[in-house]
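J.: Please find one structure pasted underneath; my questions will follow.
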Amino acid sequence: MDTATQSQAAALHSSLRYKLISFLSPEHVHAASDADIVAGVKPKLVVVPGSESEVAEALRLVSDAGLTVIPRGGGTKIGWGNPPSRADIVFSTARLNEITEHAWADLTVSVGAGCTIQTLQATLAQHGQRLALDPLWPAKATVGGVLSTNDSGALRLRFGALRDLVIGATLALPDGTLASSGGKVVKNVAGYDLPKLATGAFGTLGMITRAVFRLHPLPRSTCSFSIRAKAAEEARRLIHAIQNSKLAHTALQARFENDTAPIVHVLFEGTEAGLSAQEAHLKELTETASLTVASPDIWNARQDLWSLAKPESAAVAKISVLPAEIDKSATAIAKSAKVRQLRFKTLLQATGIGFLKLEGDPANLRFSLLDLREQFESNAGSLVVLHRPAGMAPFDAWGSAGDALPLMKAIKKQLDPGNTLNPGRFVGGI
Amino acid sequence: MDAQSICIATAATNQVGNEGPIFRFVFWHSVTLAAIVGLIVMFYAYVFPQFIPNGLNFIHGWGNILPFGGLYPMDPRILQELRAIVDERGLISSPEELHTYECDGLVNFRVLPRAVLLPTSTGQVQSIVRICHRERIPFVARGSGTGLSGGATPVDKGIVISLARMNRILEVDFPNARVVVEPGVLNLDVTARIQHNEFFYAPDPSSQTVCTIGGNVAENSGGAHCLKYGFTTTHVLGLEVVLPDGTLVHLGGKTLDVPGYDLAGVFVGSEGTLGIATKIILRIVKRPECVRTLLAAFDSTNEAGAAVSGIIAAGMLPSAIEMMDNLAIQAAEAAVHANYPNCGGLLLVELDGPLAEVEALMTDVNEICRSNGAWEIRTAQSDAERALIWKGRKSAFAAMGRISSNYIVQDGVIPRTALPQVMGEIERLSQEAGLRVANVFHAGDGNLHPLVLYDRRVPGQQEAAETLSAGILELCIEAGGSITGEHGVGVDKKKMMSKMFAEPDLLTMQRVRCAFDPLQLSNPTKIFPTPRLCGEKPGEYSPHPLESSGLAERF
Numbered sequence: 389m390d391t392a393t394q395s396q397a398a399a400l401h402s403s404l405r406y407k408l409i410s411f412l413s414p415e416h417v418h419a420a421s422d423a424d425i426v427a428g429v430k431p432k433l434v435v436v437p438g439s440e441s442e443v444a445e446a447l448r449l450v451s452d453a454g455l456t457v458i459p460r461g462g463g464t465k466i467g468w469g470n471p472p473s474r475a476d477i478v479f480s481t482a483r484l485n486e487i488t489e490h491a492w493a494d495l496t497v498s499v500g501a502g503c504t505i506q507t508l509q510a511t512l513a514q515h516g517q518r519l520a521l522d523p524l525w526p527a528k529a530t531v532g533g534v535l536s537t538n539d540s541g542a543l544r545l546r547f548g549a550l551r552d553l554v555i556g557a558t559l560a561l562p563d564g565t566l567a568s569s570g571g572k573v574v575k576n577v578a579g580y581d582l583p584k585l586a587t588g589a590f591g592t593l594g595m596i597t598r599a600v601f602r603l604h605p606l607p608r609s610t611c612s613f614s615i616r617a618k619a620a621e622e623a624r625r626l627i628h629a630i631q632n633s634k635l636a637h638t639a640l641q642a643r644f645e646n647d648t649a650p651i652v653h654v655l656f657e658g659t660e661a662g663l664s665a666q667e668a669h670l671k672e673l674t675e676t677a678s679l680t681v682a683s684p685d686i687w688n689a690r691q692d693l694w695s696l697a698k699p700e701s702a703a704v705a706k707i708s709v710l711p712a713e714i715d716k717s718a719t720a721i722a723k724s725a726k727v728r729q730l731r732f733k734t735l736l737q738a739t740g741i742g743f744l745k746l747e748g749d750p751a752n753l754r755f756s757l758l759d760l761r762e763q764f765e766s767n768a769g770s771l772v773v774l775h776r777p778a779g780m781a782p783f784d785a786w787g788s789a790g791d792a793l794p795l796m797k798a799i800k801k802q803l804d805p806g807n808t809l810n811p812g813r814f815v816g817g818i
Numbered sequence: 010m011d012a013q014s015i016c017i018a019t020a021a022t023n024q025v026g027n028e029g030p031i032f033r034f035v036f037w038h039s040v041t042l043a044a045i046v047g048l049i050v051m052f053y054a055y056v057f058p059q060f061i062p063n064g065l066n067f068i069h070g071w072g073n074i075l076p077f078g079g080l081y082p083m084d085p086r087i088l089q090e091l092r093a094i095v096d097e098r099g100l101i102s103s104p105e106e107l108h109t110y111e112c113d114g115l116v117n118f119r120v121l122p123r124a125v126l127l128p129t130s131t132g133q134v135q136s137i138v139r140i141c142h143r144e145r146i147p148f149v150a151r152g153s154g155t156g157l158s159g160g161a162t163p164v165d166k167g168i169v170i171s172l173a174r175m176n177r178i179l180e181v182d183f184p185n186a187r188v189v190v191e192p193g194v195l196n197l198d199v200t201a202r203i204q205h206n207e208f209f210y211a212p213d214p215s216s217q218t219v220c221t222i223g224g225n226v227a228e229n230s231g232g233a234h235c236l237k238y239g240f241t242t243t244h245v246l247g248l249e250v251v252l253p254d255g256t257l258v259h260l261g262g263k264t265l266d267v268p269g270y271d272l273a274g275v276f277v278g279s280e281g282t283l284g285i286a287t288k289i290i291l292r293i294v295k296r297p298e299c300v301r302t303l304l305a306a307f308d309s310t311n312e313a314g315a316a317v318s319g320i321i322a323a324g325m326l327p328s329a330i331e332m333m334d335n336l337a338i339q340a341a342e343a344a345v346h347a348n349y350p351n352c353g354g355l356l357l358v359e360l361d362g363p364l365a366e367v368e369a370l371m372t373d374v375n376e377i378c379r380s381n382g383a384w385e386i387r388t389a390q391s392d393a394e395r396a397l398i399w400k401g402r403k404s405a406f407a408a409m410g411r412i413s414s415n416y417i418v419q420d421g422v423i424p425r426t427a428l429p430q431v432m433g434e435i436e437r438l439s440q441e442a443g444l445r446v447a448n449v450f451h452a453g454d455g456n457l458h459p460l461v462l463y464d465r466r467v468p469g470q471q472e473a474a475e476t477l478s479a480g481i482l483e484l485c486i487e488a489g490g491s492i493t494g495e496h497g498v499g500v501d502k503k504k505m506m507s508k509m510f511a512e513p514d515l516l517t518m519q520r521v522r523c524a525f526d527p528l529q530l531s532n533p534t535k536i537f538p539t540p541r542l543c544g545e546k547p548g549e550y551s552p553h554p555l556e557s558s559g560l561a562e563r564f
């Protein structure tokens with residue numbers, strides 16, 4: 389590049405930086421550090437807009453300058469998805485953390501994207517309510533991040549995923565549009581359901597600035613049980629028996645790992661009277677022997693998968709299989725781990741959603757993940773890699789998006805024609 | 010051209026004696042002229058219909074009808090092509106039969122379609138849509154036509170694709186709790202097919218005995234039990250969809266969280282504007298151990314509303330909470346003799362779940378109702394009693410026919426806490442208009458169904474009723490609610506959309522529509538008050554010269 393073009397480029401960037409500073413004030417625009425690296429790509433600048441309209445305006449400026457944006461909440465899952473093809477400016481939602489309206493009598497809350505789940509839950513608990521969701525790392529994870537990554541835990545069985553809890557959302561688009569959809573009432577069919585479109589979109593269509601959720605009452609009492617199964621088949625049989633019974637369990641999952649008998653976890657919520665009746669029923673179903681009352685800590689098992697002794701030789705993936713094939717999937721995982729000489733630990737929920745940790749040689753990890761993905765996909769399932777070792781050869785995090793991929797690309801083109809937001813991070817290169 | 014005027018004319022022009030030839034001349038001349046005009050009209054109607062300017066369709070809904078009452082026909086070549094796709098029974102093109110399809114449950118909007126096609130397979134739907142795409146013919150998919158917002162009203166110069174003959178339940182998978190159906194399957198038939206195994210399909214719109222799953226998908230239908238179980242969108246896991254250009258795509262699937270955007274979530278409730286669903290994967294639910302239904306009589310809807318708030322505040326999630334006011338009770342009594350107490354506000358609460366849990370909570374509900382002034386509480390003692398209680402509620406709309414010759418069914422949502430205030434306002438509007446309003450609510454989620462009663466024969470009443478009905482929706486918007494909780498926007502509430510949403514909100518939704526349907530052929534003219542052509546992309550992207558040269562990497 390010749391000197392003239394070089395100085396032209398520098399002028400463009402400094403003028404953008406000047407524009408951003410002029411309306412966001414200097415303390416909210418700063419150079420990126422190593423802590424801001426996104427899946428190996430280091431951005432240039434971090435901006436922290438203070439309002440929804442500031443997000444929209446800053447997005448428009450950056451987009452007009454032909455640069456790219458990485459939206460960020462607590463940064464807990466910033467490494468999920470594929471590495472960005474470019475990462476210029478990080479947009480932090482840290483200042484969009486206001487809980488605007490907790491309409492407790494209407495069981496709804498309107499909250500800024502940057503509010504952490506823990507802060508939100510604490511506020512809701514003052515009125516005996518909760519967002520019925522148990523995402524990873526609630527102390528740091530934000531509303532916007534959890535929505536964008538569609539991160540739900542074991543409570544999903546009873547209360548549904550984020551798509552079932554979010555009733556309204558505001559999105560900032562790269563052309564500066566600030567668009568709201570949905571509303572603040574639970575039942576509402578006016579217009580397209582764009583909150584669902586933004587959920588799980590990894591910030592590739594627009595940046596979520598605010599969300600409205602439906603809430604649930606905090607349970608009066610809860611009680612957890614563990615059941616030790618002899619083998620994967622028995623674990624599946626137990627899950628099937630519980631699912632097929634008249635029990636009203638809130639969560640149900642099974643844990644499998646090397647050389648250890650599978651364990652099934654069950655959670656009940658309700659009145660004291662209701663719980664003791666359900667416990668009695670559960671005992672009948674499981675023929676007592678291996679049933680024990682468990683501490684609520686067992687529900688942290690999903691988060692524990694991420695406590696990696698050696699991140700450079702471990703991978704974590706989310707899998708989705710048919711609910712009746714939990715045992716088959718667990719067996720396939722165990723077999724693949726054995727063949728590839730890996731250690732594994734996996735958590736499979738009764739919904740068919742599961743999380744898998746594999747540890748061992750990166751090349752073997754890769755083979756095992758590819759092999760498992762092929763098996764799951766051939767049976768309507770999927771495997772999405774959430775963490776992979778830095779040394780692993782290039783590997784698509786997502787797998788197949790099916791025949792709707794062209795349609796997804798068309799939507800991306802409509803909402804983010806300049807490919808400004810999180811380029812290259814989502815399925816099929818979106 | 011009578012004899013007398015000819016006599017006068019011949020006298021005046023000095024042609025007396027030539028009356029005979031002149032009469033014959035005038036007569037044949039007129040006949041020839043009429044024949045020529047007729048021929049021209051026929052040519053325009055049947056051979057060159059494309060030359061009739063659109064400006065002539067100024068009378069709403071008359072676009073497909075010629076002045077003679079004949080059909081504004083399709084190009085015979087296209088009609089022939091369509092006929093070849095479906096069999097003889099799959100094509101309706103005679104005007105008498107087409108009248109059946111000119112409206113759905115919203116009867117005051119009527120448009121005669123050019124043709125109705127009844128395909129029997131996904132392949133046939135694809136072939137029809139491909140022709141529509143090639144010829145730029147708009148199409149409207151239709152199930153049973155029970156929708157109340159005009160979602161299935163045909164559009165000018167369009168055809169209707171009825172999915173009524175695609176009514177097979179393709180797969181029942183109990184271990185995975187999934188059922189795969191074609192769009193024409195009736196809602197209640199799904200439950201009928203799986204109930205022997207203690208499963209049911211949760212969304213239960215009041216029309217569930219006649220409405221189709223395809224229609225439910227288009228409208229994201231709710232029902233009384235969606236308070237606990239969620240809406241159609243909660244229970245649709247995957248869809249096979251024919252896009253408006255005829256492409257077949259699969260959205261979502263049998264497993265959860267299929268990689269990619271949640272397009273099934275966008276498609277459900279899009280009122281047929283994004284394509285046609287030809288296969289639907291449903292989630293089914295295990296029947297709870299017990300169901301208890303309680304009926305409580307209050308002096309007014311305000312007291313009943315306070316009881317609802319008490320139940321929610323106590324941390325309960327009943328499967329349904331329904332409310333009816335006195336007028337609605339009277340109508341239901343007259344129609345189905347549900348044996349409801351004659352009161353100002355009737356509450357119907359249903360709890361389900363494990364027996365011990367439900368029994369414990371039912372005691373609480375009883376106590377909350379009493380403390381809020383309920384003077385009579387009944388608990389259904391048998392399935393038959395429970396069915397009767399629900400029959401009164403579910404037939405409430407139709408029952409209005411017993412107490413009023415005409416009525417408008419409205420559908421709006423408010424935050425539940427705004428109920429007393431909004432009820433007071435509705436009462437005020439009703440008195441101002443001099444019209445009665447009966448109220449039926451899904452009280453648990455704040456979904457109001459006010460029924461505005463009027464008599465079409467009284468001049469001005471219909472207009473007054475329409476104004477009142479629209480006024481109620483404005484109340485809902487002011488209270489922070491929605492213009493529709495389950496009936497959809499369709500053609501009926503397009504204008505209200507711009508009161509509920511700002512322009513950028515609506516434009517963003519239309520950008521999504523453009524990704525699915527750039528030519529706007531699939532149920533156009535619905536939902537959006539001001540349609541936008543997909544060509545007009547605001548801020549069309551062109552890469553910055555520096556970016557193209559790869560320089561923008563430097564900062």
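Line order of the protein sequences matches chains W and C.
The numbering used here applies: residue 389 is where the first sequence begins, and numbers increase by one.
The numbering used here applies: residue 10 is where the second sequence begins, and numbers increase by one.
Glycine residues also receive a C-beta, built at the ideal position from the N, C-alpha and C atoms.
1. Between Ala407(C), Arg425(C), Thr426(C), which has its C-alpha nearest Ile417(C)'s C-alpha?
2. In whole angstroms, what is the alpha-carbon distance linking Glu667(W) and Asn206(C)?
3. Using a C-beta to C-beta distance shorter than 7 Å, which residues of chain W count as neighbours of Ser279(C)?
4. Would you say Leu65(C) lies against chain W (beta-carbon separation less than 7 Å)?
5. At which residue ranges does the segment 502-537 of chain C contain complete beta strand (DSSP E) runs of 3 or more residues, listed in the order of the chain?
6. Could you check how far apart the C-beta atoms of Thr504(W) and Lys528(W) are, in whole angstroms? I think they sit under 8 Å.
7. Below 8 Å, how does it come out for the segment 705-722 of chain W and the segment 734-747 of chain W: are there three or more Cβ pairs, yes or no?
8. In three-state terms, what does DSSP make of Lys797(W)?
9. From Ser708(W), Ser756(W), Ser717(W), pick the residue whose C-alpha is nearest to that of Gln729(W); which is it?
10. If you count every other CB in all the chains shown that lies within 10 Å of the CB of Ile49(C), and 16 or more means buried, which is it?
11. What residues of chain D sit near Met796(W), judged by a beta carbon separation below 9 Å?
12. Chain W partners of Gly497(C), CB-CB under 9 Å?
13. Any contact of the segment 479-494 of chain W with the segment 417-431 of chain C, i.e. 3+ C-beta pairs under 8 Å?
14. Can you give me, in chain order, the residues of the segment 533-547 of chain W that have a beta carbon less than 7 Å from any beta carbon in chain C?
15. So, Pro350(C) versus Ala286(C), is the Cβ gap smaller than 7 Å?
16. If we cut at 7 Å on Cβ distances, does Ile741(W) have a partner in chain C?
17. If we ignore side chains and look at the alpha-carbon of each, how far apart do Asn73(C) and Lys502(C) end up?
18. With 7 Å set as the bound, which would you pick, yes or no: does the beta-carbon of Leu260(C) sit closer than that to a beta-carbon of chain W?
19. Tell me the residue span of the alpha helix (DSSP H) that contains Ser441(W).
20. Determine the direct distance from the alpha carbon of Ser402(W) to that of Gln519(C), and round the result to whole angstroms.
21. With a cut-off of 7 Å, does the C-beta of Leu710(W) fall near any C-beta of chain C?
22. Pull the bridge partners of Asp266(C) from the DSSP assignment, please.
23. With 16 other CB atoms within 10 Å as the buried threshold, where does Met51(C) fall?
24. What residues from the segment 197-220 of chain C come within 7 Å of chain W, judged by C-beta to C-beta, listed N to C?
25. Tell me the rounded alpha-carbon separation between Trp71(C) and Glu483(C).
26. Would you list, in chain order, the members of the segment 295-317 of chain C that have their beta-carbon closer than 9 Å to a beta-carbon of chain W?
27. So which residues of chain W does Thr493(C) contact, with C-beta pairs closer than 8 Å?
28. Applying the 10 Å Cβ sphere with the 16-neighbour rule, what's the burial state of Thr109(C)?
29. Within 7 Å of any Cβ in chain C, is that where the Cβ of Thr659(W) sits?
30. Report whether the distance from the Cβ of Leu757(W) to the nearest heavy atom of the ligand NAD is below 6 Å.
31. Which residues in the same chain have their Cβ closer than 8 Å to the Cβ of Lys698(W), if we skip the five residues on either side of it in sequence?
T.: With the structure as the only source:
1. Out of Ala407(C), Arg425(C), Thr426(C), Ala407(C) has the C-alpha closest to the C-alpha of Ile417(C).
2. Between Glu667(W) and Asn206(C), the C-alpha separation is close to 24 Å.
3. Under the 7 Å cutoff, chain W gives Tyr580.
4. The predicted position of Leu65(C) is uncertain, since its pLDDT is 44 and thus under 50; no value can be drawn from it.
5. If one requires a minimum length of 3 residues, no beta strand (DSSP E) run lies completely within the segment 502-537 of chain C.
6. About 6 Å; that satisfies the 8 Å criterion.
7. Contact between the segment 705-722 of chain W and the segment 734-747 of chain W is present, because at least three Cβ pairs lie under 8 Å.
8. Note: Lys797(W) maps to helix in three-state DSSP.
9. With distances taken between Cα atoms, Gln729(W) lies closest to Ser756(W).
10. Classification for Ile49(C): exposed.
11. You won't find chain D in this structure, because its protein chains are W and C.
12. Correct list: Val577, Ala578.
13. Counting C-beta pairs with one atom in each stretch, the segment 479-494 of chain W and the segment 417-431 of chain C have three or more that are closer than 8 Å, which means they touch.
14. Taking 7 Å as the Cβ-Cβ cut-off against chain C, the residues of the segment 533-547 of chain W that qualify are Asn538.
15. Contact flag unset, no.
16. It does: the Cβ of Ile741(W) has a partner Cβ on chain C nearer than 7 Å.
17. The predicted position of Asn73(C) is uncertain, since its pLDDT is 48 and thus under 50; a value taken from the coordinates is nonetheless stated next. Approximately 23 Å between the Cα atoms of the pair.
18. Answer yes: the Cβ-Cβ gap between Leu260(C) and chain W drops below 7 Å somewhere.
19. Taken as a continuous stretch (DSSP letters only), the alpha helix (DSSP H) holding Ser441(W) covers 440-452.
20. If you take the alpha carbons of Gln519(C) and Ser402(W), they lie about 36 Å apart.
21. With 7 Å as the cut-off, Leu710(W) counts as an interface residue toward chain C.
22. Answer is none; Asp266(C) lacks a bridge partner.
23. Result: exposed.
24. Listed by position along the chain: nothing, the set is empty.
25. Confidence is the limiting factor: at Trp71(C) the pLDDT is only 47, short of 50, which leaves the residue's position unreliable and the question unanswerable from this model.
26. Taking 9 Å as the Cβ-Cβ cut-off against chain W, the residues of the segment 295-317 of chain C that qualify are Lys295, Arg296, Pro297, Glu298, Cys299.
27. Near Thr493(C) (Cβ distances below 8 Å), the residues of chain W are Asn576, Val577, Ala578.
28. Thr109(C) is exposed by the Cβ-count criterion.
29. For Thr659(W), a Cβ of chain C is located within less than 7 Å of the residue's own Cβ.
30. Because no ligand of any kind appears in the structure shown, any question about the ligand NAD cannot be addressed here.
31. For Lys698(W), where only same-chain residues beyond five positions count, the Cβ hits under 8 Å are Glu747.
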